[in-house]
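Asks:
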Amino acid sequence: MSKRTAPAVDGAVLREKPLPKRQKLDTPRGPPPKAEEIHSARQLQHLLVFEQGNTQQLRNGIQSLKVFLESILYPSDDHPLPRQRAILRDFLDTQKPRTNDQDAPFMSNLIQTWSFASDSNNDHISSSAVAVLALLLKTLSHNLELRDYGMQLCRTILQISQLKLLARGLSAPKYKESAISPCLRLLTEVVSFDGGAVAKQLYSKRDFTFEGKILARNLGIRHTDEEAAKAKRRPSVRTNAVKYVLAHFRNQEEGAKIDILKHGNVMRALFDYIRDDPPEVAAEILDVVKSHIIADKEIPRSSKSHLLTDRALSNIAGLYRVEQTLEEESDKLAIDVVAHKFLLHACRSAEAGVLAPSSGWYPPGTDKEPEHGDHDAGDGNIDLGLDSLEWYDRYQGRVTVRNGNLASFMQGLRPYANKLEQELVLAILEACPELFADYFFKKTNFTFDPKLTATWIGYASFLFSATHLPVPRFLGHKDGYASVPPPVSIAIESLLPQPLTQKVLTKCLNHSSDLITFFVIRLLTMAFQKLEQVLVQFKNASSQSSNQLWQQATERLLSEFCARCPKMRDVIAAFRRIPDTNLMQREAVTRLLSMYYNVTPQIALDEKFDVSMALTKSLNELDQQTTSGEEHEIRLLELSHLLQIARSATDMRWWQKPESLKFSPFTSVLRVLSSSPDGASSETITQLLISVIHDHGMLRTDGYPSSFDALVSSLTANDELADDSVFSFIDECFGRFVRRPIKYQDDLDALVVLSKVEKTLESPVSLLLATLVEQWPFVLKLEKHAANHVSQWIGRFLSCLKKVGENELVLHSLLGAMLEVSGGSAYGKPLTAALGSAKTPEIRPIINRVQNDGSEEDGDGGNNGSLDDFEVSLELPPKENENHPELTRWMHKDVDEAVEEGHIAALVLCLCSEHLSIRRQALPNVQKLMTKVQASGYEEHELIYLLLGEIYETARPLVGTDEPLPWIAGTLAARAIPILADPANFLYPKVGSFLTRGPSWTVSRLPSYWAEKIILNPPEGDDAAHWREIEWLLEWYLDGLRTEKDLGIFRARGMFERVLALYNDPASSRRTKELVIRFLFRTVAVEGGSTTLITRAGVLSWIKMQLANVAGGKAKKDRKSVSAARAEKTLKRLVGRLLETCDKVRVEEWSGGDAAKEMQKLVE
């Protein structure tokens, strides 16, 4: 409503317009100040002479000094600088007080001008004088020769009269920014001068220089958007106040810092408007706080907590949503990344004052050990179990936490909308597991109802990552497992948080969107895997406790988990709806079904799921598929999950052939495994098949390699899978054995008696052989094509069984029985040559396991024996695959999955490829992988990034000159990755120390360096760990020796002599001896290796010594004649390989013809 006009008085004249108000003058009266060019100190002194009645001259003098100082501080030309500095020095000499009075001011004319202007309220002259004093002090701080003048000026400014002037300027009204900012700049220069020489003295006058209310107010005076657009280069009052506070943090001692941190209003104001600060100012705040407050160990944690409150953390997190444009060539980090790194450090580090010690899944007060007998049911008392703990059921929907600041801070973050905020929340939950339940108890504003939106996808991704977090060690208890379990209501939140109800998850499974269904299946699978880990910890804790509390908690946890996860029939229905072409979805849902059977079998077995139909369908699809690639690997994974389900099913008929399959399910799976023994899921499939075989006892599964490995190896010849007639014959043998196992045991016992073997336990044989002998006559009646294939397979199978250590005498008896039936048939020829042929298929154990020394034949533990029942193959270097999917496979995996599944190691090995194009693709991919690792939240990302950087720098010059990286370097990097991923690994300290030696590797010194670190520097007091390290070293040598270039590295460093010496060490394990022999065979298989061993390493003398030891063992122990003969045969086979592959001309020239004769003699 407008103001009413008063009625006119008679005879008065009405004014048409109101008189204008007196305008506020923003600029001083008079002409602008003029700056004179300074040529001498006297001229400068004359310009600054104080004359009270001539303000224009004062302004001109201050402006002249300002321009002169700026020409020194920011020179456009270095030529006049010495002259200008000399003028400044002479001028400062004239400004010294003429009396010896310590209170006499330095720069008296300028100080007097400042005082006069302040008294006369001339803000323009006053602010100009203060600004030029700050500029002068800044100029003096850049010149060491002028330090004394700066100290005199600082002492003058710290006098009471000048401090009062500063206090008056600091407390000026908010709109007088031109009066406040110069005072803040001057104080900042005083604090920072000469590394804080007078900082302590300045803070002692804090009533004038650091008044909390005034400073907090100044920290809130910032530019509006319009003002910022008009004056981009002019910093706001807040910016100057921030720099002043940070100068104190940089230069004050610990006592002053602690006192400053108690100014709560100042600390709040420092972070309240950080989101509106220029990015470089915000980054400076975080950097100074991190390096001078958080990293200062002298400042107690309680004082640091005054600075980083939940409010301050929330304000810093506001920087996540600041939009900043950086130039492409700029090396600066975006402000959201800077804030993210700061928050990660502050929220995960106990020294930052934010994270308080907690006890994981145990709320405060519940992790204390109860008094003895609290839960005992003795003396007639009733054992109430968990009900006896009055606090156990208290935490339903709420929980008390020690880290209240972090809990409050996390509620304001948006992990579903911002990737960095998601990483921060996950990092906090991992560092402080007690917040997991509290976070989801309070997070009730978001439901997980399926909606294909960006928000739902982001929230699903966050929940998956949260579920993937590791279970805290000892469930959060400090020293070992507690005597009572943590509340189930808290533990279940880490598995299936409250948003994941059974109703919501079932809706997601039944949703029409494949993406939503896939997300939920993956999330449930992760929850089951984590539940499995928790149950293991509960079981371990129960084994250490005398009460039944842990067992009751296990039952409650399973019951609560089953109440939240979908019913298994809903998962089965989802499985049936997925089309056959959606391979990823089918693999994921079969994995989930297998988890139901493995983790919650009591629920799974109540549901009817005909796994035989799904297994048959999967086997048919694999049988029809001809190409091998990622699609084939996915189908193999699906098959392995179905096999786990079938193994748990009680009605699975492994030996009954369905109409839609050529063979029984077991034989069909065996055929799939034989066709791709190196697949990603081969080990899982092998374990399941071995468990079935172990139940029936038809093959030995205890050796390394085992008889099952021999069976798989025999089913391929010349890299081609055996004919279907072979699998039909094997299927028939399996079926007959399962129906009448006792009959075949009796048949085998009769053959053992005929073989006159006294102790078959020293070298047993497989029962399946008795079935082969019985079925051999029927083989002779088969068609020519089928009989030929089956007879050749039987020959290979017997040869492989001999190689894995089955009793040779019994094998000969079996062979004789079969040849007797053959009656001179042509099909008997493969059998005749079976046990005497040197061309035995290479047997590679599918499951990597180390033989236990306690299982050796002799009672000496294997230290004095030779090779016993071990026999090696030719150890030919692995052939490079034609396809290299590992170049890009890592891109589709998270860093932790890429590490665990070996994709990073496979990519590194591509740098060693013989193909130039592969190496050129691998090198930039390694660099991209480094960026991905560095940006990830993977726990060991720093060491993995360091390893990748060093192998990249090592390979880059080689790839640039079209040379491959030596395999000895590539395999080292590949084998170091799983070590770095596991801090508990016995080699973790040595690998970590190795990575700190330099940015790249000297490849030629790698074998000798590691030999010195491992062989000559064993762990103190742990011989077992020492030999584990040696075995790792030998395995790496074996894997890394593939080309002549690698051979040259070993030869130049004299590594062969060191390896041979390990074999004769009295403390060496059987595994060590095995690896030494395999290493020698690998060396022989490399071009030039045999000649090197003969002429450089003295291997012939070494072999003669070992043969002499074997002969001595035979003389002492007649019962070991079989194993000794095998060891002798292996060594002679090594001599034969040396003779076959060496450069005979070079060896003859070196030995004068004696070496060849000696090798011939040893072979005979």
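For reference, each letter of the sequence shown is one residue, going 4 to 1167 in the working numbering.
Every residue gets a Cβ at the ideal spot worked out from N, C-alpha and C, and that includes glycine.
All values derive from a computational prediction rather than experimental measurement.
1. Please report the residue range of the alpha helix (DSSP H) in which D698 lies.
2. Look up E723 in the DSSP assignment and say whether it is helix, strand or coil.
3. Are the CB atoms of A591 and I524 within a distance shorter than 7 angstroms?
4. Where does W117 fall in DSSP's three states?
5. Can you check which of these residues, E256, M894 and L998, is closest to L951 by C-alpha distance?
6. Just curious, the alpha helix (DSSP H) that L1184 is in, first and last residue?
7. Determine the extent of the alpha helix (DSSP H) in which K208 is found, giving its start and end residues.
8. Anyone know if the C-beta pair for A1100 and E878 falls short of 7 angstroms?
9. Below 7 angstroms between beta carbons: does that hold for V191 and F109?
10. Skipping 5 residues on each side, what residues in its chain have a beta carbon closer than 8 angstroms to that of D197?
11. Skipping 5 residues on each side, what residues in its chain have a beta carbon closer than 8 angstroms to that of P34?
12. Of the residues E287, Y206 and P490, which one's Cα is nearest the Cα of V1?
13. Using 8 angstroms as the Cβ pair cut-off and three pairs as the minimum, do the segment 701-713 and the segment 805-813 touch?
14. List in chain order: all unbroken alpha helix (DSSP H) runs of 4+ residues lying wholly within the segment 98-174.
15. Thinking C-beta only, is F439 closer than 7 angstroms to S352?
16. Return the chain-ordered list of same chain residues with a C-beta closer than 8 angstroms to the C-beta of L639, the five sequence neighbours on each side being excluded.
17. Using only the alpha-carbon positions, how far apart do M655 and L499 sit?
18. Report the three-state DSSP secondary structure of Q327 (helix, strand or coil).
19. So, are the CB atoms of P185 and A134 less than 7 angstroms apart?
20. Assign G64 to one of two classes, buried (16 or more other C-beta atoms within 10 Å of its C-beta) or exposed (fewer than that).
21. Note the first and the last residue of the continuous alpha helix (DSSP H) segment covering M1162.
22. Taking 6 angstroms as the limit between beta carbons, can you name the residues of its chain near L757, skipping five residues before and five after?
23. Nearest to L416 by CA position, among Q399, Y442, V507 and R397, is which residue?
24. Looking only at its own chain, which residues have a Cβ that is under 8 angstroms from the Cβ of L526, when we skip the five neighbours before and after it?
25. For the segment 725-733 against the segment 688-697, do three or more pairs of beta-carbon atoms, one drawn from each stretch, fall closer than 8 angstroms, so that the two count as touching?
26. A725: buried (16+ other C-beta within 10 angstroms of its C-beta) or exposed?
27. Taking C-alpha atoms, which residue in T403, L429 and L455 lies nearest to K445?
28. How many angstroms separate the CA atom of A958 from the CA atom of L968?
29. Which class does A337 belong to by DSSP, given the choice of helix, strand or coil?
30. Applying the criterion that 16 or more other CB atoms from any shown protein chain within 10 Å of the CB defines a buried residue, is Q659 buried or exposed?
31. Report yes if the CB atom of V994 is closer than 7 angstroms to the CB atom of A979, and no otherwise.
32. Which residue marks the beginning of the alpha helix (DSSP H) containing Q399, and which one marks its end?
33. Start and end of the alpha helix (DSSP H) containing W970?
34. Going by other Cβ atoms of all chains shown within 10 Å of its Cβ, with 16 needed for buried, is G368 buried or exposed?
35. Which residues in the same chain have their Cβ closer than 7 angstroms to the Cβ of P848, if we skip the five residues on either side of it in sequence?
36. Assuming Q1248 and G388 form a contact by the criterion Cβ under 8 angstroms, report the distance between their Cβ atoms to the nearest whole angstrom.
Replies: Let me spell this out:
1. Start and end: S685 to H699.
2. strand
3. Cβ distance < 7 angstroms, so I524 and A591 count as in contact.
4. helix
5. L998
6. Residue numbering for the chain in the displayed model covers 4 to 1167; residue 1184 lies beyond these limits and cannot be assessed.
7. Element bounds for K208: n/a, residue is neither H nor E.
8. No, the Cβ-Cβ distance between A1100 and E878 is not below 7 angstroms.
9. Here residue 191 turns out to be Thr, not Val, going by the sequence shown. For T191 and F109, no; Cβs fall outside 7 angstroms.
10. S144, R150, G153 and M154
11. Q59
12. Outside the modelled stretch of the chain, which goes from 4 to 1167, sits residue 1, for which no answer is possible.
13. yes
14. 111-122, 126-144, 150-160 and 163-173
15. No, the Cβ-Cβ distance between S352 and F439 is not below 7 angstroms.
16. L625, V675, S679, G682, A683, S684, S685 and I688
17. 32 angstroms
18. DSSP places Q327 in coil when its eight states are reduced to three.
19. Taking 7 angstroms as the Cβ cut-off, P185 and A134 qualify as a contacting pair.
20. buried
21. Counting along the chain, the alpha helix (DSSP H) containing M1162 begins and ends at D1157 to V1166.
22. S816
23. Y442
24. Contacts found: A463, L466, F467, T470 and L503.
25. no
26. So A725 counts as buried.
27. T403
28. 6 angstroms
29. coil
30. The residue in question, Q659, is exposed, as its Cβ has fewer than 16 Cβ neighbours within 10 Å.
31. yes
32. Counting along the chain, Q399 falls outside any alpha helix (DSSP H), and DSSP gives it neither H nor E.
33. Looking at the DSSP string, the run of the alpha helix (DSSP H) that includes W970 is W970 to L983.
34. exposed
35. Y707, P708 and D712
36. Because the chain is modelled from 4 through 1167, residue 1248 falls outside the range shown and cannot be assessed.
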